[in-house]
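Per our numbering, residue 18 is the first one in the sequence shown, and the count goes up by one each step. Below is one structure, written out as structure tokens; the observations come after it.
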Amino acid sequence: MTVQEAGKRGGAKTAATHDHDHYVKIGKKGGAQTATNAGSEYMAEIGKRGGATLRDTRGKDHFAAMGKKGGEAVKAKYGPDYYRNLAKKRHQKPAATA
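Have a look at this one:
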């Protein structure tokens with residue numbers, strides 16, 4: 018049996034005994050450990066690489082659609098005045114402290 022075959026067999030057995038949440042949990046654990054070991058600069062770099070690959074494969078329209086979908090979700094959750102109120106809060110002067 019090759020290493021590849023053994024890995025495939027072990028993966029199939031794990032998949033049969035564990036659900037999706039198991040893989041989510043170990044993925045988060047591995048990502049957190051990588052971030053701890055490698056640092057924020059490394060994580061930023063691989064994020065940029067992944068983003069560039071996504072941009073090259075899906076194009077600008079994909080990101081425009083994602084932004085629109087996100088904006089619509091925020092509007093549905095918080096109402097149509099959400100962004101307007103946010104802008105007002107941002108431009109208000111902070112209250113004077115005594």
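For every residue, glycine included, the Cβ atom is placed at its ideal position computed from N, Cα and C.
Check whether the Cβ atoms of residue i and residue j lie closer than 8 Å to each other.
i: Y99; j: K105; result: no
i: A52; j: M60; result: yes
What are the start and end residues of the alpha helix (DSSP H) that includes residue i?
i: Q50; result: H37 to A55
i: Q21; result: V20 to T34
i: D78; result: K77 to Y95
i: K105; result: Y99 to H108
If you measure from the CB of residue i, is any heavy atom of the ligand GTP nearer than 7 Å?
i: I43; result: This structure lacks the ligand GTP; in fact it carries no ligand of any kind.
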